[in-house]
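Asker: Below you will find the structure I want to go over with you.
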């Protein structure tokens, strides 16, 4: 085995070799993919690094004492030659390297799975040996593509005079979002805790209030104690943006595009950035501008606040009762398509009985299938049963997509809602902010704050694509009196809870300019741009769906002595 003393600098990367390198001597390093004995004199070795794979031609006497194994690491020097038989499956398939010297740097032992063909390997096993899984071509390409896209985002924002500023990860607990991760300290005899930042929301608003920058951004690490999903991780990355002196009301141009609120500078910034990324990395020209729809329209017509607009299949109105504040809506599958639905599908999504009223309102016949749902006139939450049926029906019928990427802005969210499952631990039966308590209301809705808070619209905007919420932001409250009114009179925070935002209120009273911002989910963005269904495929070291780190065995317990240092004691859950 080679020692560190005879390592040499590689001259090229495996995946970069082309016909232009023929007759050049190259120094390469990488992992052995496989070895094939050609005859008694020669063998073929496939060598790969993070850029790709190259075929080596090696004299057998160079291999005689090496005991090479698959995935071993080697270095070599050799001459590039044109291949007699081209391999069109490889970018390097027109050339090969005739090896002159070969050194074994580290012999690999037997691996728990082959990282280049691990499609049937258990996910937990791959997470436990993530460093091996990262050798797979797809994950390697995703990680490098993520790096390039992140660099492009930074360059784009720097060119626009944005300032990249790091904000604290260790903050105080606050009632502004999902459950937090707490970090105990040893600062006092009474247990005290930091909370890991759910987002840089307050720090970035304080940066704008400070006047040190009018345009901030950060590739921020964030932490939320949420239930696992394929598009969620307990620690995640977001592109965080905040801008000063944004419009607080729509311009004529914005109104003509159904953008009926402030913050259009944020919209223009994000659309320009997204179009640039899609052009550069996807070779796709996206429409300009992105369409805009209200939250109510999205929920009524598509059954989701993040609608998939790549296909039609719209949900129709059957009737509405203004007095009772209710409505009936339905989804129709016409006779020609009903035969395509399996028994399993119909058992999972049983159709409704078609009454004469429904038959007349929707112009359906007895052979059509209809799904009916009774809904409030003013929708709430993130989706409806009909919205779930719509997605399932589109998949079952294999409805063709009219476009590969359907972007849209969703606006006019209710500013306050009764707490959902993610926030009921914070509101305790009170109204909760739909997004966070710093979102500005529509100017014309301010008078409704105390009497009809459920009717107040927030100047919030979500960017969605293909049924995925890519990001969300809002125009912020920059008036301290209005912010405190929201805290006390709508959210019903007590003095202690309001005191947690004392620093923000003081900053707003110190001359904070109008401002707005947005946070874009980098993990979701990368998953879409890498054409993968799971954000785990674009993260180097992800957690499992239940938040377990199989590689580093976290979270873990600790002993009583350590707990005592933090003035803590272990209790058994009831």
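Numbering (the working numbering), first residue to last: 1310 to 1883.
Note that CB positions come from ideal geometry on N, CA and C, so glycine has one too.
The structure displayed is predicted, hence computed values, not measured ones.
By alpha-carbon positions, which one of 1454, 1830, 1591 ends up nearest to residue 1777?
Answerer: 1830
Asker: Whole angstroms is fine: what's the gap from residue 1719's alpha carbon to residue 1821's?
Answerer: 27 Å
Asker: I'd like the ranges of any alpha helix (DSSP H) spanning at least 4 consecutive residues and lying wholly in the stretch 1495-1563.
Answerer: 1510-1519
Asker: Roughly how far, in whole angstroms, is the beta-carbon of residue 1826 from the beta-carbon of residue 1409, given that I think they are within contact range, below 8 Å?
Answerer: Their Cβ separation, rounded to whole angstroms, is 58 Å, which puts residue 1826 and residue 1409 out of contact at 8 Å.
Asker: Hey, would you say residue 1572 sits closer than 7 Å to residue 1593, going by beta carbons?
Answerer: no
Asker: For residue 1847, tell me which candidate among 1445, 1417, 1405 has the shortest Cα-Cα distance.
Answerer: 1445
Asker: I need the straight-line Cα distance from residue 1713 to residue 1774, nearest angstrom please.
Answerer: 10 Å
Asker: Ordered along the chain, which non-local residues of its own chain (more than five positions away) have a Cβ less than 7 Å from that of residue 1638?
Answerer: 1609, 1624, 1625, 1626, 1627, 1682, 1684, 1695
Asker: Over the uninterrupted alpha helix (DSSP H) stretch that includes residue 1366, give me the two end residues.
Answerer: It is not in any alpha helix (DSSP H) - residue 1366 instead sits in the beta strand (DSSP E) that spans 1361-1368.
Asker: Taking Cβ to Cβ, would you say residue 1845 is nearer than 7 Å to residue 1437?
Answerer: no
Asker: Tell me whether residue 1839 is buried or exposed, calling it buried when 16 or more other Cβ atoms sit within 10 Å of its Cβ.
Answerer: buried
Asker: Could you say which of 1699, 1365, 1630 lies nearest to residue 1654 if we only look at CA atoms?
Answerer: 1699
Asker: Helix, strand or coil: how does DSSP classify residue 1677 here?
Answerer: Here residue 1677 sits in coil by DSSP.
Asker: Determine, using beta carbons only, whether residue 1599 and residue 1716 come nearer to each other than 7 Å.
Answerer: The Cβ atoms of residue 1599 and residue 1716 sit closer than 7 Å to each other.
Asker: When we look at the beta-carbon of residue 1734 and count the other beta-carbons within 10 Å, is it buried (16 or more) or exposed?
Answerer: Note that residue 1734 scores 48 on pLDDT, short of 50, meaning its location in the model is unreliable and no value can be drawn from it.
Asker: For residue 1682, which residues does DSSP report across the bridge?
Answerer: When beta bridges are read from the DSSP output, residue 1682 appears opposite 1638.
Asker: Using the Cβ count rule (16 or more neighbours within 10 Å means buried), how would you classify residue 1643?
Answerer: Counting Cβ neighbours within 10 Å, residue 1643 comes out exposed, since fewer than 16 surround it.
Asker: I'd like the ranges of any alpha helix (DSSP H) spanning at least 4 consecutive residues and lying wholly in the stretch 1775-1810.
Answerer: 1789-1794, 1804-1808
Asker: Mind checking which residues open and close the beta strand (DSSP E) that includes residue 1875?
Answerer: First-last for residue 1875: undefined, no H or E at that position.
Asker: Please list the terminal residues of the continuous beta strand (DSSP E) segment that includes residue 1575.
Answerer: Careful: residue 1575 lies outside any beta strand (DSSP E), inside the alpha helix (DSSP H) at 1573-1586.
Asker: Measuring alpha carbon to alpha carbon, tell me which of 1650, 1752, 1553, 1842 ends up nearest residue 1702.
Answerer: 1650
Asker: Determine the DSSP secondary structure at residue 1609, reduced to helix, strand or coil.
Answerer: helix
Asker: Tell me which residues share the same chain as residue 1332 and place their Cβ nearer than 8 Å to its Cβ, disregarding the 5 neighbours each side in the sequence.
Answerer: 1388, 1389, 1390
Asker: Looking at the unbroken beta strand (DSSP E) that takes in residue 1384, where does it start and where does it end?
Answerer: 1382-1391
Asker: Hey, how far is the Cα of residue 1520 from the Cα of residue 1317?
Answerer: 52 Å
Asker: Going by beta carbon distance, what residues of the same chain come within less than 7 Å of residue 1878, once the five residues before and after it are set aside?
Answerer: 1872
Asker: Could you check whether the stretch 1375-1389 touches the stretch 1412-1427, counting it as contact only if at least three pairs of C-beta atoms, one from each stretch, sit closer than 8 Å?
Answerer: Counting C-beta pairs with one atom in each stretch, the stretch 1375-1389 and the stretch 1412-1427 have three or more that are closer than 8 Å, which means they touch.
Asker: Does the beta-carbon distance from residue 1739 to residue 1754 come in below 7 Å?
Answerer: For residue 1739 and residue 1754, no; Cβs fall outside 7 Å.
Asker: According to DSSP, is residue 1855 part of a helix, a strand, or is it coil?
Answerer: coil
Asker: Tell me the rounded alpha-carbon separation between residue 1832 and residue 1472.
Answerer: 22 Å
Asker: Beta-carbon within less than 7 Å of residue 1862's beta-carbon, same chain only, minus the 5 sequence neighbours each way: which residues are those?
Answerer: Shown here for residue 1862: not one same chain residue has a beta carbon closer than 7 Å to its own, the five before and five after excluded.
Asker: Can you tell me which of 1828, 1759, 1617, 1401 puts its alpha carbon nearest to the alpha carbon of residue 1801?
Answerer: 1759
Asker: Suppose the cutoff is 8 Å on Cβ atoms and the five residues either side in sequence are ignored; what does the same chain contact list for residue 1666 look like?
Answerer: 1627, 1628
Asker: Residues in its own chain within less than 7 Å of residue 1864 by CB, not counting five upstream and five downstream?
Answerer: None.
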